[in-house]
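Presented below is the structure to which this report refers.
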Amino acid sequence: MGNAITTNTTESCTEQYSENDIKNNQNGHCHANNENTNYCPTITTNTPIQHQSTSPLGEIAPTVIRKPKRIILVRHEQSLGNIDELQYTKIPDWKIPITDAGRKHGAEVTAKNIRDLIDNKPVMFYTSPYKRTMETCQIIMDACKEDERNQVLGMREEPRMVEQQFGNFQNGEVMKKAKTERWKYGSFFYRFPNGESGFGVYKTAPAFL
């Protein structure tokens, strides 16, 4: 995966409900801190569903974040790994950046299309902590901020949006053999050595959505 952009058709992303309207809501936070990779020092992945605020009468008035009306999925722009697979043997997968061509396309094409789709609605950006996806997301978000009508709420890193883990790329021959075995075994269920299968991604992604 790469980036997800959520929009709401109302002017506010929050709305107040009565106590009867709020059932089984839970506040959940997930923090990731990996000193070895250092790609996401501290990340809050789940926005609390319910907040408490005080009304003018001194009563507790629960505020619930509304579900987005639209989710726009965006793939990262062209990366160094897209034009040269040997880059994966030199640079960790999560550190692979986008190319100059990808940056140009993102600013001139992708960002413009997303800005037109948003059309003056509150918008929140979610991105995996990979460098190429964060760079793509930043380009789009900056373009949306240029239009004062758009209400950009912010950007959040979401580790559950990362793409399939293909294992150790340092040994090219091993990876070549693994990719051949993948098609013989079945691409969806084949698990790469030190990596994961497409089925593994299938089980993880819905946890974010």
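In the working numbering, the protein residues as written are 2 to 210. Virtual Cβ for every residue (Gly too), placed ideally from N, Cα, C.
Beta-carbon proximity of residue i to residue j, cut-off 9 angstroms
{"i": "R133", "j": "G196", "result": "no"}
{"i": "A112", "j": "A144", "result": "yes"}
{"i": "Q121", "j": "R150", "result": "Residue 121 is actually Asn in this sequence, not Gln. Taking 9 angstroms as the Cβ cut-off, N121 and R150 qualify as a contacting pair."}
{"i": "I220", "j": "Q79", "result": "Missing from the structure shown is residue 220; the chain here goes from 2 to 210 and no further."}
Residue range of the unbroken beta strand (DSSP E) whose run includes residue i
{"i": "M156", "result": "Q152 to E158"}
{"i": "V124", "result": "P123 to T128"}
Neighbour-count burial assignment, residue i, 16 or more Cβ in a 10 Å radius
{"i": "T128", "result": "buried"}
{"i": "G107", "result": "buried"}
{"i": "F189", "result": "exposed"}
{"i": "E182", "result": "exposed"}
{"i": "Y186", "result": "exposed"}
{"i": "E109", "result": "exposed"}
Rounded straight-line distance, which links the Cα of residue j to that of residue i
{"i": "W184", "j": "M162", "result": "24 angstroms"}
{"i": "K178", "j": "I141", "result": "38 angstroms"}
{"i": "I148", "j": "G155", "result": "A quick correction: the sequence has Asp, not Ile, at residue 148. Straight-line Cα distance between these residues: approximately 15 angstroms."}
{"i": "D85", "j": "F167", "result": "16 angstroms"}
{"i": "E136", "j": "E174", "result": "31 angstroms"}
{"i": "I97", "j": "Q165", "result": "15 angstroms"}
First and last residue of the uninterrupted alpha helix (DSSP H) at residue i
{"i": "I119", "result": "A112 to I119"}
Beta carbon proximity, residue i to chain D, threshold 9 angstroms
{"i": "Y131", "result": "Absence of chain D from the displayed structure is noted, only one protein chain being present."}
Could you tell me whether the region 196–210 touches the region 100–120, where touching means 3 or more Cβ pairs closer than 8 angstroms?
Contact between the region 196–210 and the region 100–120 is absent: fewer than three C-beta pairs spanning the two stretches fall below 8 angstroms.
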